[in-house]
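In order, the protein sequences belong to chains A and B. My numbering puts the first residue of the first sequence at 1, with every later residue one more than the last. My numbering puts the first residue of the second sequence at 1001, with every later residue one more than the last. Let me begin by presenting the structure, written as structure tokens, before commenting on it.
There are 2 protein chains.
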Amino acid sequence: MADLYLALLHHPVYDKNGAIVTTAVTNMDVHDIGRLARTFDVRAFYVATPVPTLHRLVERIIRHWETGAGAVYNETRKEALALVRLAHDLDAAIADIERETGRLPKLVATSAREGAGRLSCAALRRRLGADGPPELLVFGTGWGLTTEVLARVDDVLEPIRGTSGYNHLSVRSAAAIILDRLRHDR
Amino acid sequence: MADLYLALLHHPVYDKNGAIVTTAVTNMDVHDIGRLARTFDVRAFYVATPVPTLHRLVERIIRHWETGAGAVYNETRKEALALVRLAHDLDAAIADIERETGRLPKLVATSAREGAGRLSCAALRRRLGADGPPELLVFGTGWGLTTEVLARVDDVLEPIRGTSGYNHLSVRSAAAIILDRLRHDR
């Protein structure tokens, strides 16, 4: 079984006008995606931001639930946050995975947009079942990952299509659905 | 095709000590589940709380994105929030559905806990494909729906099991996964 990692990039991503920006870290993203990571046997979840103040914020959230008052109040959060790792950017996450596994991860970006040659969830699921390199699933914030990021990854995952043609889910919802499609036996 | 409705109950639900409480409405729940509803052809999403102040809060959120500054800033939110309806409690949601469809909905509760006779997502999916009564999928907040609610529903849906045995997802994540399992062709 290949190792699965997640990264949530806060830079470089687009804002609604197509400008490249750095988004703020959202507390709920850390908690929801941390819990998803714990549920679906993800090895680690990188929260990537170049902003030092936001590193301190995330560290404080983790510490609160790990050893602070939160550790007693809610043990299941502690377990989920144990998988959360801070990173400066995508390259730092890649370097960390290489250090941990001895192999460079395959990079799989997620996008709400259609495009040529998208990787299906079924195909990624098969790769995860084989003894290949680790897979790093990359999520964007704001209005999505920049073309610069999409151009450097190995694959872009197919977008989540519902039944209505509307494709504007939160990154939290998209991560939930993708992980379930990758891991759940149907 | 049967109509699908969602309700998110803020009362009666358990807190972590098993006391019956009323939880606060979370802004992110309204947005994330509203978007899910829009994506997966849900007819309406009831945010149920008996607290008048919280009704006003949700009304303000909806108004902001519907006709306020938000309507220009982000049209896709407006579309999602158009499906959100305020309700005092579960009975008010049921009455509204009966008014709209002429039929009493089947009540399907969700729970993170295992139990006898749980309804599978596959079985509910088949019911939704037939020409039966509307189905109202009921989610709890806090530490989950009370036994009083679970005792009055027609069915309780099987819990989301990941691959690790950990079953502490946010209600936002659970709703995302359940709707995808009910609607997505695989």
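Quick reminder that beta carbons are idealized off the backbone N, C-alpha and C, glycines included.
Segment limits, alpha helix (DSSP H) that includes residue i
| i | result |
| --- | --- |
| Arg1060/B | Pro1052 to Glu1066 |
| Gly70/A | Ala69 to Tyr73 |
| Ala1176/B | Val1171 to Arg1183 |
| Val1030/B | Asn1027 to Thr1039 |
Start-to-end residues for the beta strand (DSSP E) that takes in residue i
| i | result |
| --- | --- |
| Gly1129/B | Looking at the DSSP string, Gly1129/B is not in any beta strand (DSSP E); the run it does join, the alpha helix (DSSP H), is Cys1121 to Gly1129. |
| Ala82/A | Counting along the chain, Ala82/A falls outside any beta strand (DSSP E), and DSSP gives it neither H nor E. |
| Leu1008/B | Leu1004 to Leu1009 |
| Ala1048/B | Ala1044 to Ala1048 |
| Glu100/A | Premise fails: Glu100/A lies in the alpha helix (DSSP H), Leu90 to Thr101, not in any beta strand (DSSP E). |
Residue i vs residue j beta-carbon contact at 7 angstroms
| i | j | result |
| --- | --- | --- |
| Ser111/A | Val171/A | no |
| Leu182/A | Arg125/A | yes |
| Glu98/A | Leu104/A | yes |
| Ala1007/B | Ala1048/B | yes |
| Trp1143/B | Tyr1014/B | yes |
| Leu1083/B | Phe1045/B | yes |
| His1088/B | Pro1050/B | yes |
| Arg38/A | Tyr1166/B | yes |
| His11/A | Thr22/A | yes |
Distance between beta carbons of residue j and residue i, contact taken as under 8 angstroms
| i | j | result |
| --- | --- | --- |
| Leu1169/B | Arg77/A | Their Cβ separation, rounded to whole angstroms, is 12 angstroms, which puts Leu1169/B and Arg77/A out of contact at 8 angstroms. |
| Val1153/B | Leu1107/B | 4 angstroms |
| Asp131/A | Ala24/A | Not a contact, Cβ separation roughly 39 angstroms. |
| Pro159/A | Glu114/A | 6 angstroms |
| Thr146/A | Ile20/A | 6 angstroms |
| Leu1081/B | Glu1059/B | That pair is no contact at about 11 angstroms. |
| Ile1177/B | Asp180/A | 4 angstroms |
| Ala92/A | Leu136/A | With 8 angstroms as the limit, Ala92/A and Leu136/A do not qualify as a contact, their Cβ atoms being about 12 angstroms apart. |
| Ala57/A | Val149/A | Note that residue 57/A corresponds to Leu in the displayed sequence, not to Ala. So it is not a contact: roughly 23 angstroms between Cβ atoms. |
| Asn1190/B | Ile1062/B | Shown here, chain B extends from 1001 to 1186; a query on residue 1190/B therefore has no answer. |
Proximal chain C residues relative to residue i, where beta-carbon distance stays under 8 angstroms
| i | result |
| --- | --- |
| Phe1040/B | In summary, chain C is missing from the structure at hand, where the protein chains are A and B. |
Burial state of residue i, where buried means 16 or more other Cβ atoms lie within 10 Å
| i | result |
| --- | --- |
| Pro1134/B | buried |
| Gly1140/B | buried |
| Arg1085/B | buried |
| Ser120/A | exposed |
| Ala1116/B | exposed |
| Asp1185/B | exposed |
| Ala1095/B | exposed |
| Ala1151/B | exposed |
| Ala174/A | buried |
For residue i: DSSP bridge partner residues
| i | result |
| --- | --- |
| Asp1155/B | Val1108/B |
| Gly162/A | The partner list for Gly162/A (beta bridge, DSSP) is empty, contrary to what the question assumes. |
| Ala1087/B | Ala1048/B |
| Val1222/B | Since the first residue shown for chain B is 1001 and the last is 1186, residue 1222/B is missing from the structure and cannot be characterised. |
| Glu1135/B | Leu1004/B and Lys1106/B |
| Gly1140/B | Leu1009/B |
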